[in-house]
Amino acid sequence: MWAIETKALTKTYTQGRIFRKPIVALDHLDLQVAPGEIFGYIGHNGAGKTTTFKLILGLIQPTSGDAWILGESTKRVETRHKIGFLPEQPYFYEYLTATQFLDFYAQLFGMDRSLRKRRIAELLDIVGLSHAVSTALRHFSKGMLQRIGLAQALINDPEVIVLDEPMYGLDPVGRKEVRDLILNLKQQGKTVIFSSHILADVEMICDRVAILSQGRLQRVEKTGGLFEKSQRQYELIVRDLDEHAFSELRKLALEVRRQMEGVVLIIPDEATTEIAQAVIREHHGKLVALTPRTPSLESLFIDEVRGDGLRGDHKTQKKTGTKEKAA
Amino acid sequence: MKKIGAICLNTFREAVKDKVFCNLLFFAILVIGLSVLIGNLAIGEDEQVIQDISLAAMSLFGVLIAVMVGISLVYKEIDRRTIYTVITKPIRRYEFLLGKYLGLLLTLLINVGVMTIALFLVIRLQGYTFNLEILWAIVLIFFELALITAIAILFSTFASPAMSAAFTFCFYLIGHLTQDLLQAGRESQSVMFANMSRWLYYLLPNLDLFNIRGEMVRAIPVSMQYITYSIFYGVLYASALLLLAMLIFQRREFN
Numbered sequence: 009m010w011a012i013e014t015k016a017l018t019k020t021y022t023q024g025r026i027f028r029k030p031i032v033a034l035d036h037l038d039l040q041v042a043p044g045e046i047f048g049y050i051g052h053n054g055a056g057k058t059t060t061f062k063l064i065l066g067l068i069q070p071t072s073g074d075a076w077i078l079g080e081s082t083k084r085v086e087t088r089h090k091i092g093f094l095p096e097q098p099y100f101y102e103y104l105t106a107t108q109f110l111d112f113y114a115q116l117f118g119m120d121r122s123l124r125k126r127r128i129a130e131l132l133d134i135v136g137l138s139h140a141v142s143t144a145l146r147h148f149s150k151g152m153l154q155r156i157g158l159a160q161a162l163i164n165d166p167e168v169i170v171l172d173e174p175m176y177g178l179d180p181v182g183r184k185e186v187r188d189l190i191l192n193l194k195q196q197g198k199t200v201i202f203s204s205h206i207l208a209d210v211e212m213i214c215d216r217v218a219i220l221s222q223g224r225l226q227r228v229e230k231t232g233g234l235f236e237k238s239q240r241q242y243e244l245i246v247r248d249l250d251e252h253a254f255s256e257l258r259k260l261a262l263e264v265r266r267q268m269e270g271v272v273l274i275i276p277d278e279a280t281t282e283i284a285q286a287v288i289r290e291h292h293g294k295l296v297a298l299t300p301r302t303p304s305l306e307s308l309f310i311d312e313v314r315g316d317g318l319r320g321d322h323k324t325q326k327k328t329g330t331k332e333k334a335a
Numbered sequence: 004m005k006k007i008g009a010i011c012l013n014t015f016r017e018a019v020k021d022k023v024f025c026n027l028l029f030f031a032i033l034v035i036g037l038s039v040l041i042g043n044l045a046i047g048e049d050e051q052v053i054q055d056i057s058l059a060a061m062s063l064f065g066v067l068i069a070v071m072v073g074i075s076l077v078y079k080e081i082d083r084r085t086i087y088t089v090i091t092k093p094i095r096r097y098e099f100l101l102g103k104y105l106g107l108l109l110t111l112l113i114n115v116g117v118m119t120i121a122l123f124l125v126i127r128l129q130g131y132t133f134n135l136e137i138l139w140a141i142v143l144i145f146f147e148l149a150l151i152t153a154i155a156i157l158f159s160t161f162a163s164p165a166m167s168a169a170f171t172f173c174f175y176l177i178g179h180l181t182q183d184l185l186q187a188g189r190e191s192q193s194v195m196f197a198n199m200s201r202w203l204y205y206l207l208p209n210l211d212l213f214n215i216r217g218e219m220v221r222a223i224p225v226s227m228q229y230i231t232y233s234i235f236y237g238v239l240y241a242s243a244l245l246l247l248a249m250l251i252f253q254r255r256e257f258n
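Chains as they are written, first to last, in our numbering: chain A, 9 to 335; chain B, 4 to 258.
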């Protein structure tokens, strides 16, 4: 059983009052998040990340398709007992103190007074706000608001936690605290799905990451999988190349740069690297360096969003992606 | 019920910290206090004038509070996106809306209570006895406010605060004219107008039903049957409006 599962989840809006033009915000999303996983959900603005979360949480209704949390339909209100949610750039009831605020949300879960009291104290401690129990939220800093927001998302000890941009507006220390908190939730066996624009954070803590572009799921990768041999690129630095060799190598490379130390070639895979080496040998070129290059999440993301993604089909990439830069 | 209670209490907390509420309540009490000065001008009838002005202030400021606070409560939740964290908890949308409504009613109850105490003090300080019959007029003022709040909540589920305020005030004005509308229809030569006025009379709220202020102040007896009927009418009409609001709110998308 998946912690989160969606099948052909689609959301279409219409634009314009007279000529109603359909806008697809999310297009047949098939997603599976395993229990106990930290799942990163990335995409540019308007890619459909928040739409996915809103559909899962019932804030909006899907045009078609379904979603389940731990096997239960997200249409059921009872399913929300298992979910914790922190929206993007949240705004909270500023007239409440931290304790009143958490107590309000605890009551929405029907928790009794003693359990509420215990859970609130525990959570304020976890998010490092024990010193601010009686402070009204209007006096909270941005980081403190994000932390109290996380506390409300965890008030019901949920099994699945959905966080929309949890690192938004936080300084490096705040981001580390949120990362640690997410890792701690994983240790407790919780499932966390979160969106973020800070790809370093996603790469650092996620088990898997999904890239979304224009409402479509482009790919789902294990973060370890980003470094798999099959997806590894190679950087070759070559000297003493004649023009004929250079033009042949250009056809094989994803990227070509001329630098002080020689011509730098980015070759998409191991097999092509061997062909390139043969070309260099044949034309008496000098191979100065050969370095395996693991694509970062950022480069992967940018490639996907540009639409010339690394999908194991380097021929396609070569057609569209070969660039030559002069150093 | 626990969940509705939590929303109700939170709404009450928010409403009483609303500057609009505090200012209107302050002015209402000020008018009740100042009614003494105007009462002094009406020699021999000062007690009646004080009661008349005070009850009118109670009704007018109550309506202003019901509309101004009522229209913004749901809108603010959506605009500030606080609703995202509430609706995503295991709470049904109708429970949320009912909680908001009851929270506002609680606020209005406190508001009417405070104004009643102010009226009581003013009358006692003038050396008169507080006529308990006046309380029936206040009870009906409260039920009128409950109905107006339901109108405000209904509009706030789909319209902007400005539109909701305009619609609610229109309903308030028309609600006090339905009796005249029916009468005009009866006296009209046009069958179509007569039919239309009758339908509008039944469709629109008859807010004049809740006005027994004049009778109570002048000690004109009003039957318990009339009072019970007015309360029943208010509860039924407000329930129908809330039901409609819930149906709209259920389908609402929070983009």
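Cβ coordinates follow ideal geometry from the N, Cα and C atoms, glycine included.
In this text the structure is predicted, and so the values were computed from the model without any measurement.
Who are the near neighbours of A:Met212 in its chain, counting only those whose CB is closer than 7 Å to its CB and skipping five residues on each side? Arg187
When you compare only the Cα positions, how much space is there between B:Leu210 and A:Gly44? 59 Å
I'd like to know whether the C-beta of A:Glu167 is nearer than 8 Å to at least one C-beta of chain B. no
Report the neighbours of B:Ala9 on chain A: residues whose CB is nearer than 9 Å to its CB, in chain order. Asp111, Phe112, Tyr113, Ala114, Gln115, Leu116
Assigned secondary structure, B:Tyr2 (DSSP; H/G/I helix, E/B strand, else coil): Since the first residue of chain B shown is 4 and the last is 258, residue 2 of chain B is not available in this structure.
Interface flag, A:Tyr176 vs chain B, CB-CB below 8 Å: no
Under a three-way DSSP split, which group does A:His292 fall into? coil
Taking DSSP as the reference, what is the three-state secondary structure of A:Arg84? coil
Taking A:Leu339 and A:Leu273 to be in contact with their CB atoms under 8 Å, please state how far apart those CB atoms are, rounded to whole angstroms. With chain A covering only 9 through 335, there is no way to say anything about residue 339 of chain A.
Below 8 Å on the Cβ atoms is my guess for A:Leu5 versus A:Val271; work out the distance and round it to an integer in Å. Only positions 9 to 335 of chain A appear in this structure, which leaves residue 5 of chain A out of reach.
Helix, strand or coil, according to DSSP, for A:Pro30 in the structure here? strand
Could you list which residues in chain B have their beta carbon closer than 8 Å to that of A:Tyr99, in chain order? Arg83, Arg84, Thr85
Presumed contact (8 Å Cβ cut-off) between A:Ile91 and A:Leu63, rounded CB distance: Not quite, the Cβ-Cβ distance comes to about 13 Å (not below 8 Å), so this is no contact.
Classify A:Glu86 as buried or exposed, calling it buried when 16 or more other Cβ atoms lie within 10 Å of its own Cβ. exposed
Three-state secondary structure (DSSP) of A:Gly51: strand
Inspect the CB distances between the region 171 to 183 of chain B and the region 89 to 100 of chain B and report whether three or more fall short of 8 Å. no
Just to confirm my understanding: we take A:Arg247, look at its own chain, exclude 5 residues before and 5 after, and list those with CB closer than 8 Å. What are they? Glu269, Gly270, Val271, Gly293, Lys294, Val296
Determine whether the beta carbon atoms of B:Met61 and B:Ala31 lie at a separation below 8 Å. yes
Residue nearest to A:Thr143 in terms of C-alpha spacing, selected from A:Ile163, A:Pro166, A:Gln108, A:Val168: A:Gln108
On the criterion of 16 or more Cβ atoms from any shown chain inside 10 Å, does A:Ala286 qualify as buried, or is it exposed? exposed
Return the residue from the list A:Met152, A:Pro166, A:Arg183, A:Ile77 that minimises the CA-CA distance to A:Lys15. A:Ile77
Inspect the beta-carbon positions of A:Ala284 and A:Leu220 and report whether they are closer than 8 Å. no
Alpha carbons only, please: which of A:Ala253, A:Pro70, A:Ile201 is nearest the one belonging to B:Arg254? A:Pro70
What residues in the region 52 to 80 of chain A have a beta carbon less than 8 Å from any beta carbon of chain B? Lys62, Leu65, Gly66, Leu67, Ile68, Gln69
State yes or no: is the beta carbon of A:Gln160 nearer than 8 Å to at least one beta carbon in chain B? yes
Count the other CB atoms, across all protein chains shown, that sit within 10 Å of the CB of A:Tyr242; report buried if there are 16 or more and exposed otherwise. buried
Are A:Glu96 and A:Thr60 touching if we call contact CB-CB under 8 Å? no
Selection of the region 129 to 159 of chain A by Cβ proximity to chain B, strictly under 9 Å: Gly157
Tell me the DSSP secondary structure of A:Arg146 in three-state form. helix
Comparing alpha-carbon positions, which option in A:Asn192, A:Glu173, A:Arg240 lies nearest A:Leu207? A:Glu173
Would you check if the region 236 to 249 of chain B and the region 64 to 76 of chain B touch, i.e. whether three or more CB-CB distances between them fall below 8 Å? no
Quick check on the DSSP output: the alpha helix (DSSP H) that includes B:Glu50 runs from which residue to which? 49 to 82
Quick one: is A:Val85 near chain B, going by C-beta distance under 8 Å? yes
Opening and closing residue of the beta strand (DSSP E) in which A:Glu243 lies: 241 to 247
From the DSSP output, which residues share a beta bridge with A:Gly92? A:Ile169
Considering Cα atoms alone, identify which of A:His139, A:Arg216, A:Ser81 is closest to A:Thr105. A:His139
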